[in-house]
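First to last, the protein sequences are chains A and B.
Under the UniProt record's numbering, the letters of the first sequence match residues 1 to 1135, in that order.
Under the UniProt record's numbering, the letters of the second sequence match residues 1 to 141, in that order.
Note that the Cβ used here is the ideal one computed from N, Cα and C, for glycine as well.
Bear in mind that the values here come from a model prediction, so they are computed numbers and not experimental data.
Inspection log for the structure reproduced underneath, given as structure tokens.
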Amino acid sequence: MDAYPAEIVTPPLALMALLGCPELHAQMHEYLRSHHKPPINSVGVANPLDVGRVFGERKSPLAAGQPAGILKADWFAKHRQRRPAVAVLLIPRAEVEGAPDAWQRVSAQVGAVRGATRAQGARLVLVITSGSSAAGAGHVEGPVQEERVSTLCRQGGIERRWVATLAAGEGEAGLRRVARLLHEAAGQFYLDDSRRRLTLHNERRNPPADLNARVAFKAAALSEFRGDWSTAVRSYEAAYREIAKAAHAPGSAGLQRFFEIAAVAELMHLKVIMLLLHQQNTARALAQFKDHLKLLKKKEAQPSFFQNGAVQAAIKRRKLGETLRNSPSKASLPPGGSVGPGAFVGQLVMTQPGGAGGPSVRKLSDAEFLAHLEAKECSTDHGALAVQCLQRAEEFAEAAREQCHYSALVATEHRLAGNPAIAKPLLESIAGVYRREGWRVPLSGVLQELRLCSKALDLTQDVVAAALELCVLQDRLDIGLRSALAAEAALFLAGAQQSLAFTIDDSDAHPLHGCFALTWGFEDAESSPAESSEQQGTGEPGPRFVTALWSNVPCSLHVTSVQVAFITSRGTHTATASVKPLDRGALQKPPPPSAEPQLDAWGQATEEPSDEAATAVTEASSGFLLEPGRWVVAFAQAPNPPNGKIGVQAVTLRLGQGSSSISWPLATAKPDTAMIGAVADNMEAVLAPLARLAATQGIKVEAGAASLELPPSQSPPQLRVEALGYAIAGEKVAKQLSAGGAKRMRAWVDVPVKGQLHISACLTSTSDEGETLTAEASLEVTVERPFQVATHTSGPARTSTLLLPISALPETTDAPLLADRLPVGQACLLSVDLTITAPAPVVIMSVALEPPVGVESSAVQVLQSLGTVSGGTGAPVTLSKGEAHTARFVIRADSACTAALVGEVAVTWKRPKPARRRASSSMLPKRSSRLISSPRASLMSPNALPSVPQLTQQLSQQQPQLSHRRSSSLTHTPTAAAMTHQMAVNQLLEDLPEDIPGAGMHPPPQPVTTKVPLPRITFAEPGIVATSSWPASVRTGEAFTLDIGIANRTQGLQRVQVAVGDTSGFVFAGDRRRMLALQPQSSTHCNLQVVAHASGPLPLPQLRLTAPAHDSFLDILAGHTMVVLPSPISHVAAA
Amino acid sequence: MTSSALTFVVVGHDDHPIYEIDLAARGDSAVRDDRAQYLHQFVLHAALDAVEEQQWRSTSMHLSVVDRFNKLQVSAFITAAGLKLLLLHDGKSDDSVRQFFRDVYEIFLRVMLNPFFNPTLHVTSPQFDLKVRTIARSHFR
């Protein structure tokens, strides 16, 4: 409304001309303007004889035919400011009743005023003033001589009632009486003027629509002057209908004509909707809006919705402006001429300097009009206009996704207007939405804009990130464009000018999630090839770390090195991984020392190295090429962990000249070999590379964290080996050694975490004849894990928080991956789920949460242990395979922290009843005892029997080979003397009774404590906290209130949308979506009236709280149920 | 099939599009107007809000026209599993759109009955493409 002049958008006021007695003008003007309702404007003329210049001469009636224009541009201003409706002649009483010369002067004044007002039909009111200020208030003089008053009425041609007296002593009461009379006279004038115009117009034959519109408009305006609003609306609507007819009449096709009609229609439309909205008649106002849009629909289809139409129009106008500015041939106006508004609404005229007669004013030709429009458009800032229009549309948009659409358009306009810094955060926010919801076409459009913005801002890292993300949108962009984008990104990554560092976490919403894929794990110690220990040289080797990399980027990336950061209790250790061929022959025959690391392609793992691979080997002196669509597997030797535990902190690719890097933080990743990232949609590639590694190379890969256990303790050779059917990781398995049933001994063996436990024994005996025989027996025991541990955290009950990013905390490279987020200062729930994976039942005795090892004071406090779910009272519970056991703990952190260590879960468990397995039994799948008769040994003398330490050493060397042999049953029993001699030196062995077969094979189960480190948890300050409350139970059909309290704890305005989703079982009143604006540090409540129409434990309605600015949402009531009791209606009916 | 805008999308859970096809393009060799494709996808994505709003107001699977953008209209169909079938067109009759949805839903049910079908992955079956095109050709001739 600011674009329209004040006389259009404010109600018109009547205008009076105060004549004579200038000392009273200020007082009367002030009263009429400020105290009278409605206010009255007035102009003062000191000498009544000069009244002619105020009223002027009446114009001659309009001749028939087409008028020069529809509506005079200054008609409203003229009647509000320059054409009085009433001439108020102020006559001093002394002159009325005074000397003859004074009376003659008064008569002349009345005559002059009558003559002046007759032309315009203005009303005349005579006010006889008397008294002075010295008389004081309350002083009232006698009545004026009626004879003189009658004479004045006759001379003025007015009735007696238009003569008033105003005494100085009357004060405000007198002024009020005079003002009421003047208002009545003005109303009479406007009514008479309106009737006169209508009567005159009715006498015309076939008036044009323009003239009809003009007359109706003026009649409406005159009704407005007198405060007759209903008549004014009707007249304005009639005028609008006439102008609509004029718009569709023949001859209105000219551009100038259309502009004039549009301007007049806009003015009339404005008056109509203002009056209708003032009368609160919204329906008619909306109809008027539709009529107006329909009227202006010229040749193109008008958008269905206003905001969409405004947006499209703004963008088209901006494009038109650009076209005009860039046009080589521009029309020009005549030199020296200036274009300005004409006398009629919507008309433009050309003013040119003339000769002696002054400047000449004429209408524009069509060519000049177009040239003027072109020049005007070229000087307009269309970019700013488009942005303003789009922002309005964005504000009006109610749906979040529609706002996304408009935000994308706003960002584009900002970029085109030269404001990439404003556009970039908008685009990043929108890209997050499209990325999360998987809409790749809009995402590609937004990413292209984002890339252009980043390029304009010279942000190389963001340019590369956008290019990488764009180039993997396979079915959205042409391969040529994708290759160009990938080549651009590769150039930046390979260059040494800028160091680019990308960190890819396991979040699906990460921009580079679709560019690369990575799996990782630790190689099983028993399946690791011998070369791993050879690489370490002397000393015990640690486990080998295996990682497989996949690139979807459609060009080769030059990788300088693959670095793996390990973390042990001693600290962090970084190792450089080597990329090796994976075919079986290469593993059995290690490459010569001079051979360089090779690339590996999983699809060609069993084939001969191709020329391409040879080229890669050649190039590998300075790294290797990470090619698209091929798995590359890298091995890294981990250090030997002091306490048997080791983890991986990060895998980093050094690219190009080493200054750029892509890293995957694995410290807080879940211990699983799940893939980070995604590969292209072909099933061959989707196959897990590490599983294929195990299938083709016999290399077993553990999950992401490994525990390195010592090999089984060496035991003196015996003939028979018995053990349990399977072992559970963490416990000690009993190994019984017996010699033909004569001597039985037992040893406890620590089992590894997972895999196969090989137990072997060797017996050397000497017969009485001096013949030396060697018997070997081995057994393979499968090691099973007792349980799987899964943890999940949840915020305080019935309280949900929208956590803001932790900007205050510095980013650390130690733990960049955030496992979970919880609010600070609130008691949160940590649930530990144990799922039994062992084949036999397991007795869970206790589950405890222990502080982290090596950390003096943890940021996370364990407030309370809520016990277990399955056990109830915390008593030992026996669980079978597949059953779950849950322990819950209450934790809290008092300060924000990133990836805080929580501690370890200590699970104490035991076997209820171990199974038995005998190696000599034919029922067992694998029999592992073996007797070897050594001819060489038979030549040896008894003195040649090796000493016990030598024998032990010999066993340990044979052990790897024994595990691959298939053995036969025991056929020989050694002498008791030899056995006794060898067993006595092994302190690990226990004697068992000989008379009871099988005694000692079922020892009482010993409790085992398994400690599992918990994933790190991030505690952050909640920005927005939502609290919900509802009654504990309700009855069917009974309304209750679901109260949602939302608190904004930030220092900025937060917009939060509350959306109701699935309300199965309930009906509720109100809108499904509400947008709330929360002032900084404020809170509000959102109540929902809900009625349950079903009974039983019902899940509460789905309620989603969304903070669009932070790109996050919360399902507040998810997981909460409510008990709904049946309605007591049946009971009432029975009574 | 002579219309300038006819895009069909199946939106899976979590509002991920799992199947998209431009039915206005004739075959693979058709030159796609990228700008129009972008606009259509923008409009379809923005229409999800309207679909979510209107699916609770109707007991029918066919929601008719749920959103408009200039001359473009978005019709929606909600399956029993909560999948959303969206069709962007420029003013097709509601009856033909309803028939189109019904026929496509029938063949999409067969896709879902495939034991290897994953509702979170894209439907890439060329046979499904062919059938959808055939249905569209028969209803929007």
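Between the CA atoms of residue j and residue i - distance to the nearest angstrom
i	j	result
residue 350 (chain A)	residue 367 (chain A)	12 Å
residue 170 (chain A)	residue 178 (chain A)	11 Å
residue 1172 (chain A)	residue 77 (chain A)	In this structure chain A extends from 1 to 1135, so residue 1172 (chain A) is not present and cannot be described.
residue 404 (chain A)	residue 1120 (chain A)	31 Å
residue 325 (chain A)	residue 189 (chain A)	53 Å
residue 369 (chain A)	residue 338 (chain A)	12 Å
residue 1020 (chain A)	residue 779 (chain A)	53 Å
residue 239 (chain A)	residue 213 (chain A)	4 Å
residue 576 (chain A)	residue 624 (chain A)	13 Å
Burial state of residue i, where buried means 16 or more other Cβ atoms lie within 10 Å
i	result
residue 25 (chain A)	buried
residue 318 (chain A)	buried
residue 146 (chain A)	exposed
residue 608 (chain A)	At residue 608 (chain A), the pLDDT of 36 sits below 50, so the modelled position is not reliable and the matter cannot be decided from this model.
residue 268 (chain A)	buried
residue 909 (chain A)	buried
residue 56 (chain B)	exposed
residue 113 (chain B)	exposed
residue 1048 (chain A)	buried
residue 1064 (chain A)	exposed
residue 109 (chain A)	buried
residue 394 (chain A)	buried
residue 1136 (chain A)	The structure shown does not extend to residue 1136 (chain A), since chain A is modelled only from 1 to 1135, so the question has no answer here.
residue 1146 (chain A)	The structure shown does not extend to residue 1146 (chain A), since chain A is modelled only from 1 through 1135, so no value can be given for it.
residue 513 (chain A)	buried
Reference residue i, options the options, closest by Cα
i	options	result
residue 559 (chain A)	A:322, A:493, A:545	A:493
residue 509 (chain A)	A:553, A:433, A:460	A:433
residue 1071 (chain A)	A:352, A:1058, A:1077	A:1058
residue 906 (chain A)	A:1005, A:881, A:860, A:1012	A:1012
residue 1113 (chain A)	A:1060, A:217, A:635	A:1060
residue 426 (chain A)	A:410, A:641, A:245	A:410
residue 63 (chain B)	B:71, B:53, B:72, B:70	B:53
residue 421 (chain A)	A:261, A:445, A:449, A:41	A:449
residue 154 (chain A)	A:184, A:111, A:116, A:143	A:111
residue 340 (chain A)	A:327, A:322, A:360	A:360
residue 192 (chain A)	A:181, A:230, A:233, A:122	A:122
residue 75 (chain B)	B:18, B:89, B:83	B:89
residue 431 (chain A)	A:460, A:416, A:417, A:466	A:466
Interface flag, residue i vs chain C, CB-CB below 9 Å
i	result
residue 16 (chain B)	The structure shown contains no chain C; its protein chains are A and B.
Bridge partner(s) assigned by DSSP for residue i
i	result
residue 552 (chain A)	Beta-bridge pairing links residue 552 (chain A) to no other residue.
residue 378 (chain A)	None, per the DSSP bridge assignment.
residue 756 (chain A)	A:782
residue 647 (chain A)	A:567
residue 352 (chain A)	A:360
residue 1010 (chain A)	A:907
### Task
Can you give me, in chain order, the residues of the segment 1010-1023 of chain A that have a beta carbon less than 8 Å from any beta carbon in chain B?
none
### Task
Return the residues of the segment 381-403 of chain A that lie within a Cβ-Cβ distance of less than 7 Å from chain B, sorted by chain order.
Within the segment 381-403 of chain A, the qualifying residues are 399, 400, 401, 402.
### Task
Taking a Cβ distance cut-off of 7 Å, strictly less, list which residues of the segment 68-80 of chain B are near chain A, in chain order.
68, 69, 70, 71
#### Entry: Positions along the segment 89-120 of chain B whose CB lies within less than 8 Å of some CB in chain A
Within the segment 89-120 of chain B, no residue has its Cβ closer than 8 Å to any Cβ of chain A.
### Task
Closer than 7 Å, Cβ to Cβ, to anything on chain B: give me those residues from the segment 435-465 of chain A, in chain order.
437, 438, 439, 441, 442, 445
### Query
Just by C-beta distance, which residues in the segment 43-63 of chain B are closer than 9 Å to chain A?
43, 44, 45, 46, 47, 48, 49, 50, 52, 53, 56
### Query
Looking at chain B, which residues of the segment 1054-1079 of chain A have a Cβ within less than 7 Å of any of its Cβ atoms?
Cβ contacts with chain B: 1072.
### Task
Could you run through the segment 1076-1100 of chain A and flag, in chain order, every residue whose CB is less than 9 Å away from some CB of chain B?
Contact annotation: in the segment 1076-1100 of chain A, no residue has its CB less than 9 Å from a CB in chain B.
### Query
At a Cβ cut of 8 Å, what residues of the segment 405-416 of chain A count as close to chain B, listed as they run along the chain?
Hits within the stretch, in order: 405, 408.
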